[in-house]
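J.:
Residue numbers (the numbering used here): 2 to 675.
(1) Straight-line CA distance for residue 494 to residue 500?
(2) Are the beta-carbon atoms belonging to residue 410 and residue 429 less than 8 Å from one another?
(3) Can you list, in chain order, the residues of its chain with a C-beta nearer than 8 Å to that of residue 432? Leave out the 5 residues immediately preceding and following it.
(4) Let me make sure I understand the geometry here. Which of 35, 408 and 605 has the alpha-carbon closest to that of residue 505?
(5) Pull the bridge partners of residue 599 from the DSSP assignment, please.
(6) Quick one: what's got a C-beta closer than 8 Å to residue 672's C-beta in the same chain, skipping five residues either side?
(7) Indicate whether residue 298 and residue 23 have their beta-carbon atoms separated by less than 8 Å.
(8) Just the C-alpha distance for residue 1 and residue 370, rounded to the nearest angstrom, thanks.
(9) If we ignore side chains and look at the alpha-carbon of each, how far apart do residue 149 and residue 526 end up?
(10) With a CB to CB cut of under 7 Å and the five nearest residues on each side skipped, what residues in its chain are close to residue 289?
(11) Does the beta-carbon distance from residue 245 to residue 581 come in below 8 Å?
(12) Is it buried or exposed for residue 544, if we count other Cβ within 10 angstroms and need 16 for buried?
(13) Quick check on residue 158: buried or exposed, where buried means 16 or more other Cβ atoms within 10 Å of its Cβ?
(14) Put residue 130 into one of helix, strand or coil per three-state DSSP.
(15) Would you please state the rounded distance, in angstroms, between the beta carbons of residue 57 and residue 64? I believe it to be under 8 Å.
(16) Using the beta-carbon count (16 or more within 10 Å), is residue 119 buried or exposed?
(17) Specify the secondary structure class of residue 335 as computed by DSSP and reduced to three states.
(18) Can you give me the Cβ contacts of residue 258 inside the same chain, cut-off strictly under 7 Å, excluding the 5 residues immediately before and after it?
(19) Can you find at least 3 beta carbon pairs, one from the segment 219-227 and one from the segment 196-208, that sit closer than 8 Å?
(20) Would you mind stating whether residue 423 and residue 554 have Cβ atoms separated by less than 8 Å?
(21) Buried or exposed: residue 313, going by 16 or more other Cβ atoms within 10 Å of its Cβ?
(22) Specify whether the segment 105-122 and the segment 206-224 touch according to this definition: at least 3 beta carbon pairs, one from each stretch, less than 8 Å apart.
(23) Closest to residue 135 by C-alpha separation, out of 413, 30, 153 and 15, would be which residue?
(24) For residue 596, tell me which candidate among 522, 372 and 458 has the shortest Cα-Cα distance.
(25) Do you know offhand how far residue 167's Cα is from residue 192's?
(26) For residue 209, which of 633, 630, 524 and 247 has the nearest alpha-carbon?
(27) Output the distance between the C-alpha atoms of residue 502 and residue 589, rounded to the nearest integer angstrom.
(28) With DSSP run on the structure shown, which of helix, strand or coil describes residue 736?
(29) Of the choices 662, 630 and 492, whose alpha-carbon is the least far from that of residue 302?
(30) Distance check for residue 417 and residue 522, CA to CA, integer angstroms please.
(31) When the Cα atoms are used, what is the spatial distance from residue 320 to residue 73?
(32) Comparing alpha-carbon positions, which option in 483, 472, 481 and 446 lies nearest residue 465?
(33) What is the rounded straight-line gap between the Cα of residue 41 and the Cα of residue 16?
(34) For the alpha helix (DSSP H) that contains residue 387, what are its first and last residues?
(35) Per the contact definition of three or more C-beta pairs closer than 8 Å, is the segment 136-148 in contact with the segment 234-243?
(36) Given this structure, state the Cα-to-Cα distance separating residue 9 from residue 32, to the nearest angstrom.
Next up, the structure:
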C-alpha cells in the first residue's frame with residue numbers, strides 16, 4: 002500500500018457502495034483493481050464472492066497473475082475487526098478452502114458460464130454451439146440466398162455488421178424492422194429475423210448472443226437473475242467506457258442488490274463506438290448510482306511532461322467529458338515533432354529513415370518503435386520501405402488464427418465428436434477430406450432436412466431415412482459416421498490430446514494437406530497450424546482438474562473475438578510495430594509515429610457526418626495514439642495523397658491545430674465551417 006499515490010490509495014480503500022474510478026492513460030488502473038481485490042480479501046470478504054470483469058483474456062490473465070503473487074492460495078480467515086465478518090461468518094469455512102480465488106473473467110466468458118447453466122429457460126439446448134465468424138458468414142450467405150438477395154445489394158459481411166450493431170443495442174429482429182430507415186436496412190432486418198431463427202433451430206449462438214441472451218435471461222427470469230447476482234457480493238468492471246448496452250444492463254442486474262460496484266475506466270479513451278460501446282455509460286454513472294463516490298487517477302507514469310501537455314491540450318476540445326487533467330510523473334522531455342511531406346511515399350521513406358537513425362545513433366531496439374495509422378490501407382507504403390531498409394517489422398492484427406482453413410476444419414470435427422453437430426460444422430467436414438460426396442448430394446440432404454424437419458446429422462448417420470443418393474455418397478456418409486462414432490468411443494479412455502491426434506490420423510488430414518498444397522513450405526505451415534490446435538488442447542488439459550472438450554471449444558471460440566493473445570505473441574518479437582490506433586490501445590512504446598494526420602483520415606471522413614459524436618470519438622482516438630508514446634512522439638502528414646491513381650491535395654487534420662494550441666488559426670476555423 003505504501004507504493005500507492007493518494008488517488009490510488011483512496012480507490013483501494015473505498016470498499017463498499019458504488020465507486021467510479023476515472024483512470025487516465027498510464028495512471029496504473031490495473032494496479033488499483035488488483036490491490037482493491039486484495040484489500041477486500043484482507044478485510045474478510047471470501048475470495049469466491051468477488052467478481053472481476055475485463056474485456057480481454059490478456060487483461061484477465063494479467064489480473065489473475067498479479068493477484069496470485071499478492072494473495073496466493075493460502076488459507077486466510079476473516080480479520081476479527083472486519084465489518085464484513087458477521088455477514089460472512091456462515092461462509093467462513095468456504096472462504097478458508099485452499100485455492101478459493103476471486104472469479105476473474107471477460108464479459109463473454111462470464112456469459113458463457115451463466116448460459117451453460119441457464120440457457121434452457123430461453124428454449125436453447127444446454128449444449129449449444131458457439132459460432133465463429135466463419136460460421137456466421139456461412140449462415141448469413143445461406144439466409145440471403147433463401148430470400149433472394151444478391152451480394153451487390155447486401156453482402157454477408159454487411160448483413161453481419163447490421164446484425165451485430167442491432168444486438169449490441171439490445172435490439173431483436175422485430176425492433177430492427179421497426180427502426181430500419183433505408184431499403185437496405187429493412188432487407189437486413191428481414192434477414193436478421195431468419196438468421197436468428199436458424200441459429201436457434203441449430204442450437205447455436207453467435208458472440209453477440211452471449212451478451213444479448215444473458216441480458217434477456219435476466220430480464221425475463223427474475224429468479225435466475227437473483228440467483229446469479231447472489232453468487233457475488235462485490236463486482237469490479239475494468240474499461241467501463243467500452244461497455245455496450247447489453248453489458249451495461251448485465252452489470253446493473255448483477256449489482257443492483259448489494260450495490261458494491263466498482264467501475265474503472267476513462268471516458269477520454271472511449272474509441273469503440275463502431276462496435277456498440279457507449280461513452281454515455283461512464284459519463285452518466287451518477288444517474289444510475291446517485292450515491293457513487295468518484296476517484297480521479299491523474300498521475301501519468303508513462304509519458305514525458307511534453308507529451309502529456311500535448312494530450313491534455315487536445316482532449317479539452319471534447320465538451321462532454323469528466324473534468325480531469327493528466328499530470329506527468331516524469332520530467333519535461335523532448336517536444337513532440339510535426340512533419341509534413343510532399344506525398345505518402347516520401348512520408349514512409351522519411352519515417353523509416355528516422356527510425357534507422359534512432360536505431361544506429363541512440364541505442365534503440367526495433368521493438369521500441371511503433372508506427373500508428375488510422376486505416377488498414379495506410380501501412381502498405383511503410384511495409385515497402387521497411388523491407389527496402391531490411392528492418393524487422395510486424396503488422397499487428399493480420400490474418401486471425403481462427404480464419405485459417407485448418408483451424409475451421411478441425412474445430413468442426415471436434416464439435417461433431419463433442420456431440421454438438423450443428424449444420425455449419427457438418428457441411429464443413431462432410432467432404433473434407435474428400436470422400437466422394439458432391440455438392441449435388443449435399444443439396445439433396447439439405448433440402449430433405451428442411452422439408453422433413455429432421456436434423457442434418459440424423460440424415461448423415463442414417464438415424465432417419467435418407468433421400469435417394471448415389472452409392473458413392475452413401476459410402477462417404479457411412480465412412481464419416483463410423484469415424485466420428487469410433488472416436489467418441491475411444492475418447493472415453495483417452496486424454497483430449499490423444500483423442501485429437503487419433504482423430505487427425507483417422508480422417509487422414511495430413512494426406513489432405515499434402516494433396517492440396519504442392520510447395521513443401523506451404524505444407525509445413527499448414528501442418529504447423531494443426532499442431533498449434535493440439536498444443537492449445539494440451540495446455541488447456543494441463544490447466545484443468547476435469548477437462549472437458551466442450552469447455553475447450555468454448556474457450557477457443559471465445560478467443561476468436563479477443564485478439565489480445567495473438568497480438569501479445571506478435572509483440573514479443575524484436576520488431577517495429579505497425580498497427581492501427583485502435584489496436585494500440587493499452588500498449589506503450591518509447592517512440593511513436595502517428596502518420597497520415599489529415600482530414601478524412603484522422604478524423605475519418607465517415608465521422609465528419611456526425612460532428613456531435615463522430616468527431617469527438619476520433620479526437621479520443623488521436624488522444625489514445627498520443628498517449629502511447631513514452632519518450633518521443635512524431636506526427637506526420639502528406640500534402641498530397643494518391644486517390645484512384647491521381648495525386649490529390651490534402652487538408653491538415655484539425656487535431657494538429659488543437660494539439661499545438663492553434664485552434665484560432667484561420668485555416669482551422671475555415672475548414673470547420675465556423
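Where is the CB? At the ideal position from N, CA and C, for every residue including glycine. Bear in mind that the values here come from a model prediction, so they are computed numbers and not experimental data.
T.: Once the coordinates are examined:
(1) 9 Å
(2) yes
(3) 438, 439, 443 and 477
(4) 408
(5) 653
(6) 600, 652 and 655
(7) yes
(8) The structure shown has nothing for residue 1, since the chain only spans 2 to 675.
(9) 39 Å
(10) 253
(11) no
(12) exposed
(13) exposed
(14) strand
(15) Not really, about 11 Å apart at Cβ, beyond 8 Å.
(16) buried
(17) coil
(18) 230
(19) no
(20) no
(21) buried
(22) yes
(23) 413
(24) 372
(25) 13 Å
(26) 247
(27) 40 Å
(28) The structure shown does not extend to residue 736, since the chain is modelled only from 2 through 675, so no value can be given for it.
(29) 630
(30) 30 Å
(31) 44 Å
(32) 446
(33) 7 Å
(34) 380-389
(35) no
(36) 9 Å
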